[in-house]
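In the working numbering, the protein residues as written are 60 to 231.
We treat Cβ as the ideally placed atom computed from N, Cα and C, and that holds for glycine.
Notes follow once the structure below has been shown.
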């Protein structure tokens, strides 16, 4: 469901939105992005931007902070299942693991991985190329080139998945 509230949602080309996803307000979806089942994107009081080839997986919730912090996901970002993002920025080529929470005014640097179940507190900025984990989350190491490539591989895989759904006209 896409609900218009103030500004409506805009989407690029070849975007997959699952039938039971909820998209409200000022939300921009980049080309080849995918919004999977039971996702909520609530851009009701500030904007949400989702870049190209970015996927938001089942059960995730993305919200914002009124007139203060949008939520921005740049290109080739993978948001795992049941993630909560609130008023934060996720730079290019980032994987956010299942069940993670990233809070207001935090920035995840490009080419990084946030491990499953991590809690990123407000106002934290992490350097590019970091493995971020824990509660509260800390950068525990620099990623190897192979690990950085694997992040892009996940994003590319979800572009392939959404293309199958679009081609077969499956719930989207």
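1. Mapping the DSSP letters down to three states, classify residue 106 as helix, strand or coil.
2. Out of 225, 206, 230 and 214, which has the shortest C-alpha to C-alpha gap to residue 109?
3. When the Cα atoms are used, what is the spatial distance from residue 98 to residue 227?
4. What number of angstroms, rounded off, separates the C-alpha of residue 130 from the C-alpha of residue 114?
5. On the CB-based measure, 16 or more other CB atoms within 10 Å of its CB, does residue 203 come out buried or exposed?
6. Distance check for residue 156 and residue 76, CA to CA, integer angstroms please.
7. Does the distance from the CB of residue 104 to the CB of residue 88 come in under 7 Å?
8. Within 10 Å of its beta-carbon, does residue 205 have 16 or more other beta-carbons around it, so buried, or fewer, so exposed?
9. I need the DSSP call for residue 80, collapsed to helix, strand or coil.
10. State the Cα-Cα distance for the pair residue 216 and residue 223, rounded to the nearest angstrom.
11. Check for me: the alpha helix (DSSP H) holding residue 66 runs from which residue to which?
12. Report all residues from its chain with a CB closer than 7 Å to the CB of residue 181; omit the five preceding and five following residues, and keep chain order.
13. Name the two residues that bound the continuous alpha helix (DSSP H) containing residue 209.
Answer, in terms of the structure:
1. DSSP places residue 106 in the strand class (E or B) of the three-state scheme.
2. Cα-wise, what sits closest to residue 109 is 214.
3. For residue 98 and residue 227, the distance between alpha carbons rounds to 21 Å.
4. Roughly 14 Å separates the two Cα atoms.
5. Classification of residue 203: exposed, given that the 10 Å Cβ count is below 16.
6. Pairing residue 76 with residue 156, the inter-Cα distance amounts to about 21 Å.
7. No, they are not a contact pair.
8. Answer is exposed; the Cβ neighbour count stays below 16.
9. In this structure, residue 80 counts as coil in the three-state DSSP scheme.
10. The straight-line gap from Cα to Cα measures roughly 11 Å.
11. From DSSP, residue 66 is part of no alpha helix (DSSP H); its letter is neither H nor E.
12. Once the five neighbours on either side are set aside, the close Cβ partners of residue 181 are 162, 163, 164 and 165.
13. That run of the alpha helix (DSSP H) goes 204 to 226.
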